[in-house]
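In the working numbering, the protein residues as written are 47 to 149.
Each residue gets a CB set at the ideal place from its N, CA and C atoms; glycine is no exception.
Remarks on the structure that follows.
If you want it as structure tokens, here you go:
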């Protein structure tokens, strides 16, 4: 979930359900800034969900926000990041959401 308040402040929230047979020990990808969520309060925000072991390799939320800073639309930035992930993991099952400062 991504929210933008009337003052232009943005917040992001997400949840995790865990993965069966996951690698033991690491912190959930959702809790790592840039993986599960990333907000630049001067601009844009993104959140992502999917296999945490894959997500940690791509830092998708941070990457989406960086692409938006370079002028990509939220939709195009999300598509680019998902395509980057599926290039290496064709069976990837996940999602990335983004919101610009303009709503």
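Q. In three-state DSSP terms, what is residue 105?
A. As a working mapping, residue 105 is identified with position 59 in the chain shown. Reduced to three states, the DSSP call for residue 105 is coil.
Q: Give a yes or no on whether the C-beta atoms belonging to residue 110 and residue 141 are separated by under 8 Å.
A: Numbered from its first residue, the chain shown carries residue 110 at position 64. Numbered from its first residue, the chain shown carries residue 141 at position 95. No. Outside cutoff.
**Q.** Residues that DSSP places opposite residue 141 in a beta bridge
**A.** Taking the chain shown and counting its residues from 1, the one referred to as residue 141 is at position 95. Note: residue 141 sits in a beta bridge opposite 95.
**Q.** Rounded C-alpha distance that separates residue 47 from residue 91
**A.** For this step, residue 47 is matched to residue 1 along the chain shown. For this step, residue 91 is matched to residue 45 along the chain shown. So the alpha carbons of these two residues sit roughly 10 Å apart.
Q: Find the nearest neighbour of residue 123 within the set 54, 93, 58, judged by alpha-carbon distance.
A: Within the chain shown, numbered from 1, the residue matching residue 123 stands at position 77. Checked all of 54, 93, 58; the closest Cα to residue 123 is 93.
**Q.** Cut-off 6 Å between Cβ atoms - residues of its own chain near residue 59, not counting five sequence neighbours on either side
**A.** As a working mapping, residue 59 is identified with position 13 in the chain shown. Closer than 6 Å at the Cβ level, and outside the excluded window around residue 59, lie 47.
Q: Please report how far the alpha carbon of residue 56 lies from the alpha carbon of residue 85, in whole angstroms.
A: Position 10 of the chain shown, counted from the first residue, corresponds to residue 56. Position 39 of the chain shown, counted from the first residue, corresponds to residue 85. Computed Cα separation, rounded: 7 Å.
Q. Under a Cβ-count criterion, where at least 16 other Cβ atoms within 10 Å of its own Cβ denotes burial, should residue 132 be classed as buried or exposed?
A. Sequence index remark: in the chain shown, residue 132 carries index 86 (1-based). Its Cβ having fewer than 16 others within 10 Å, residue 132 is exposed.
Q: Give the straight-line distance between the Cα atoms of residue 87 and residue 52, rounded to the nearest whole angstrom.
A: Stepping through the chain shown from its first residue, residue 87 is reached at position 41. Stepping through the chain shown from its first residue, residue 52 is reached at position 6. Taking the CA atoms as reference points, residue 87 sits about 13 Å from residue 52.
Q: Buried or exposed for residue 49, please, with buried defined as at least 16 other CB atoms from any protein chain shown within 10 angstroms of its CB.
A: Numbered from its first residue, the chain shown carries residue 49 at position 3. Counting Cβ neighbours within 10 Å, residue 49 comes out exposed, since fewer than 16 surround it.
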